[in-house]
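Counting from 290, one number per residue, gives the positions in the sequence shown under the numbering used here. These notes concern the structure reproduced below.
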Amino acid sequence: MSRLFCIILSSVVISAYAGNLDTYFFNNSLRLDFVISGNNDTCSIQAIQWKIEPYWSGNPSSYILHNNAGDYLVMLNDLETGILIYQNGYSDLFAEWQCLKQQDSIFHYKNSLRIPLPKKDSRLRIYRTYNHSKKQLLFEEIIDASCAQKSIEKNQFRIGLHYLGNYKKNLDIVFLAEGYTRDEQKKFKADAQNMIDEMLAWEPYKQYKKSIDFHYVFNPSLESGTSIPQKGIIKNTVLRSSFNILGSERYLLATDSYLIRDAASLVPYDIICVLVNTDEYGGGGIFNHHLAISTKNPQAGFVFCHEMAHLLAFLADEYSDDTKELPAQACFNGEPLQENISNLMDFEKKWAALINGTDKEIGMYEGANYQKKGFYRPYLHCAMREYYHSYCPVCKRVIIEMLEYYTKK
Ligand SMILES: [Zn+2]
290 MSRLFCIILS
300 SVVISAYAGN
310 LDTYFFNNSL
320 RLDFVISGNN
330 DTCSIQAIQW
340 KIEPYWSGNP
350 SSYILHNNAG
360 DYLVMLNDLE
370 TGILIYQNGY
380 SDLFAEWQCL
390 KQQDSIFHYK
400 NSLRIPLPKK
410 DSRLRIYRTY
420 NHSKKQLLFE
430 EIIDASCAQK
440 SIEKNQFRIG
450 LHYLGNYKKN
460 LDIVFLAEGY
470 TRDEQKKFKA
480 DAQNMIDEML
490 AWEPYKQYKK
500 SIDFHYVFNP
510 SLESGTSIPQ
520 KGIIKNTVLR
530 SSFNILGSER
540 YLLATDSYLI
550 RDAASLVPYD
560 IICVLVNTDE
570 YGGGGIFNHH
580 LAISTKNPQA
590 GFVFCHEMAH
600 LLAFLADEYS
610 DDTKELPAQA
620 CFNGEPLQEN
630 ISNLMDFEKK
640 WAALINGTDK
650 EIGMYEGANY
660 QKKGFYRPYL
670 HCAMREYYHS
680 YCPVCKRVII
690 EMLEYYTKK
């Protein structure tokens, strides 16, 4: 546990919002870039660099996320008083890989997380959360606030006039262009607009329309499209996205977290959507990190909303998949954390209270989380299971909870 003496500043920092500071935080983000590595049973985090970003767009009324969302838990305590001043969760590809149970192998993954920049000395802890009762401390660091403050002064941050709106009390979504060349900027804007139109036509997003902001970051790629290693296609793109993540044909992500955070940090944002200029079907979404989506596919709008539920609300897939043999019990030595699936080990923590309520369709339907047997979902049809359906009432409820977290007045 080393003391953080100096915070290395981001080269992408261009401005900062300096008004209305609350008790514990500046209006900047403190970002930790790290590598997580390990095997099926254990893992560790090694810090690579710290960066200060111009914006913290989180809601000042919601510094503590109270639910169990995420494979990791982030806690920040004021050093002097011990008071918990910030708590959140996130997921990553490493946790997914651990579930695949590839014997005797080691995996490492570059990742990053952001917290609001503390004004006082604070203790940061990151835990791996395996289930409701088992968590492991992976990382602990004392953040020296005076060092952070000097770093801000040194950089003479200025208010980003462009973003003096209500980004603190709104959900801020940033679209990053990926695989669009210099000549394709208009296309990127049009593709982003299609995603926005689709999302805002869906409940519960529709009812939060006025509280959702969209931002765009366009960095041109040298080549159009994305990499598809299984087909021998490798493209030179700005965010280095790729299909075939973890060997899955349709799984598309931009796995260089430092690159996508650098791009996103130019605007206030809560969540990142990487729009990939390809007509190949696919996508991916990781809670509190990013989603990637192929924008030219006819199902793009639907897939966008499906992946959004992974990204925003830590919802699980409700479908079965014959090709994906997850060793479910190895991964879930207890009730899984996602709210829309259950293996009945502790069903009371899930939607049990809604059964026999006003909506008679809510029940226990076997087949979810890629498994035909042993995992249950709350509704016959749901966007987390199949096309042409909206979110089921349980998924909707969890998404509303997260929208409230971001937009509470
Ligand atoms: Zn559902």
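Idealized CB from N, CA, C, for every residue including glycine. Values in this document were obtained by computation on a predicted structure and should not be read as measured data.
Tell me whether residue i, by its Cβ, gets closer than 7 Å to a heavy atom of ligand 1.
{"i": "residue 683", "result": "yes"}
{"i": "residue 693", "result": "no"}
{"i": "residue 673", "result": "yes"}
{"i": "residue 259", "result": "The shown model of the chain, from 290 to 698, leaves out residue 259, and the question about it has no answer."}
{"i": "residue 596", "result": "no"}
{"i": "residue 680", "result": "yes"}
{"i": "residue 629", "result": "yes"}
{"i": "residue 607", "result": "yes"}
Below 8 Å on the Cβ atoms is my guess for residue i versus residue j; work out the distance and round it to an integer in Å.
{"i": "residue 575", "j": "residue 600", "result": "7 Å"}
{"i": "residue 368", "j": "residue 318", "result": "That belief does not hold up - the Cβ atoms of residue 368 and residue 318 are roughly 19 Å apart, past 8 Å."}
{"i": "residue 481", "j": "residue 564", "result": "6 Å"}
{"i": "residue 532", "j": "residue 569", "result": "6 Å"}
{"i": "residue 348", "j": "residue 696", "result": "7 Å"}
{"i": "residue 558", "j": "residue 346", "result": "6 Å"}
{"i": "residue 398", "j": "residue 325", "result": "5 Å"}
Between the options, which has its C-alpha nearest residue i's C-alpha?
{"i": "residue 323", "options": "315, 552, 317 and 332", "result": "332"}
{"i": "residue 649", "options": "681, 655 and 633", "result": "681"}
{"i": "residue 688", "options": "491, 573 and 590", "result": "491"}
{"i": "residue 361", "options": "426, 457, 389 and 327", "result": "426"}
{"i": "residue 335", "options": "485, 341 and 327", "result": "327"}
{"i": "residue 655", "options": "638, 633, 311 and 642", "result": "633"}
{"i": "residue 684", "options": "693, 677 and 673", "result": "673"}
{"i": "residue 686", "options": "628, 696, 663 and 697", "result": "628"}
{"i": "residue 511", "options": "469, 536, 666 and 314", "result": "469"}
{"i": "residue 320", "options": "311, 363, 329 and 660", "result": "363"}
{"i": "residue 658", "options": "580, 460, 610 and 679", "result": "610"}
{"i": "residue 638", "options": "314, 348 and 357", "result": "357"}
{"i": "residue 456", "options": "518, 509 and 560", "result": "560"}
{"i": "residue 313", "options": "355, 513 and 370", "result": "370"}
{"i": "residue 384", "options": "395, 377 and 375", "result": "395"}
{"i": "residue 631", "options": "379, 353 and 421", "result": "421"}
{"i": "residue 587", "options": "432, 536, 503 and 572", "result": "572"}
{"i": "residue 653", "options": "467, 640, 635 and 496", "result": "640"}
{"i": "residue 376", "options": "389, 405 and 388", "result": "405"}
{"i": "residue 692", "options": "518, 354 and 342", "result": "354"}
{"i": "residue 504", "options": "473, 513 and 460", "result": "460"}
On the CB-based measure, 16 or more other CB atoms within 10 Å of its CB, does residue i come out buried or exposed?
{"i": "residue 552", "result": "buried"}
{"i": "residue 595", "result": "buried"}
{"i": "residue 590", "result": "buried"}
{"i": "residue 309", "result": "In this predicted model, residue 309 has a pLDDT of only 37, less than 50, meaning its place in the structure is not dependable enough to derive any value."}
{"i": "residue 437", "result": "buried"}
{"i": "residue 651", "result": "buried"}
{"i": "residue 501", "result": "buried"}
{"i": "residue 669", "result": "exposed"}
{"i": "residue 401", "result": "buried"}
{"i": "residue 677", "result": "exposed"}
{"i": "residue 403", "result": "buried"}
{"i": "residue 378", "result": "buried"}
{"i": "residue 524", "result": "buried"}
{"i": "residue 598", "result": "buried"}
Tell me where the beta strand (DSSP E) around residue i begins and ends.
{"i": "residue 421", "result": "That residue, residue 421, is in no beta strand (DSSP E); it is neither H nor E in DSSP."}
{"i": "residue 315", "result": "314-327"}
{"i": "residue 333", "result": "332-342"}
{"i": "residue 653", "result": "It is not in any beta strand (DSSP E) - residue 653 carries neither H nor E in the DSSP assignment."}
{"i": "residue 366", "result": "361-367"}
{"i": "residue 407", "result": "396-407"}
{"i": "residue 377", "result": "373-379"}
{"i": "residue 524", "result": "No beta strand (DSSP E) holds residue 524; DSSP gives it neither H nor E."}
{"i": "residue 355", "result": "That residue, residue 355, is in no beta strand (DSSP E); it is neither H nor E in DSSP."}
{"i": "residue 665", "result": "660-666"}
{"i": "residue 506", "result": "501-506"}
{"i": "residue 672", "result": "Segment: none, residue 672 is in no beta strand (DSSP E) and carries neither H nor E."}
{"i": "residue 464", "result": "460-467"}
{"i": "residue 565", "result": "560-565"}
{"i": "residue 582", "result": "579-583"}
{"i": "residue 574", "result": "572-575"}
Grab the span of the alpha helix (DSSP H) containing residue i for me, first residue to last.
{"i": "residue 601", "result": "589-602"}
{"i": "residue 386", "result": "382-389"}
{"i": "residue 546", "result": "546-553"}
{"i": "residue 687", "result": "682-696"}
{"i": "residue 489", "result": "474-490"}
So, is the C-beta of residue i closer than 8 Å to a C-beta in chain D?
{"i": "residue 601", "result": "The structure shown contains no chain D; it is built from a single protein chain."}
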